[in-house]
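Per the working numbering, the sequence shown starts with residue 1, numbered consecutively. Glycine is no exception: its CB is placed at the ideal position from the N, C-alpha and C atoms. Predicted model, so just to flag it, every value in this text is computed and none were measured. Inspection log for the structure reproduced underneath, given as structure tokens.
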Amino acid sequence: QLQASGGGLVQAGGSLRLSCVASGSITSLDVMGWYRQDPGKGREFVARISSNGGTNYADSVKGRFTISRDSAENAKNTVFLQMNSLKPDDTGVYYCNAVSFSGTTTYWGQGTLVTVSS
1 QLQASGGGLV QAGGSLRLSC VASGSITSLD VMGWYRQDPG KGREFVARIS
51 SNGGTNYADS VKGRFTISRD SAENAKNTVF LQMNSLKPDD TGVYYCNAVS
101 FSGTTTYWGQ GTLVTVSS
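Structure follows, in structure tokens:
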């Protein structure tokens, strides 16, 4: 229901842009965001954006990553993560996340792998 894309292999210092699209059956999403999971570890928060445009970032990515949301009326359930100045520590599977306005429903995408080589 959440389709993430844009991962890949990049050298340290490079950039990638992740995208996540919610399927048409999903509507009324409040917060959309990204989490990262390293092998053998739990998912950790990376960034999120609310329907009113408010953003939050993990300290480790502040100043390097930018989260945005498609402002087109028919595409507000699309979220992007622009990742610049990538570091090897940014390596992991990135999962798209979304929460309904009611707060009662949480969606997860299938994950997209980002590998940053040193």
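Among all the DSSP beta bridges, which residues are the ones paired with residue i?
i, result
"G6", "None; G6 has no bridge partner."
"Q11", "S117"
"S19", "S5, F80"
How many Å lie between residue i and residue j at the Cα?
i, j, result
"F65", "Q82", "6 Å"
"W34", "S118", "23 Å"
"Q110", "L9", "18 Å"
"K87", "G14", "8 Å"
"D90", "S25", "32 Å"
"V46", "R36", "7 Å"
"A12", "N84", "10 Å"
"N97", "V116", "22 Å"
Quick one: residues in its chain with C-beta nearer than 6 Å to the C-beta of residue i, no 5 flanking neighbours on either side, listed in chain order?
i, result
"G7", "T112, L113, V114"
"N56", "R48"
"T78", "V21, D70"
"R92", "The sequence shown places Gly at residue 92, not Arg. These residues qualify, in order along the chain: R36, Q37, D38."
"Q3", "V21"
Counting only the same chain and skipping the five closest in sequence on each side, list residues whose C-beta sits under 8 Å from that of residue i.
i, result
"F101", "S28, L29, D30, S51"
"T105", "V99"
"R17", "G6, F80, L81, Q82, M83"
Problem set entry | Whole runs of the beta strand (DSSP E) within the stretch 27-109, excluding any shorter than 3 residues | Those beta strand (DSSP E) runs which fall completely within the stretch 27-109 and span 3+ residues are 29-37, 43-49, 55-57, 65-69, 78-83, 92-100, 106-108.
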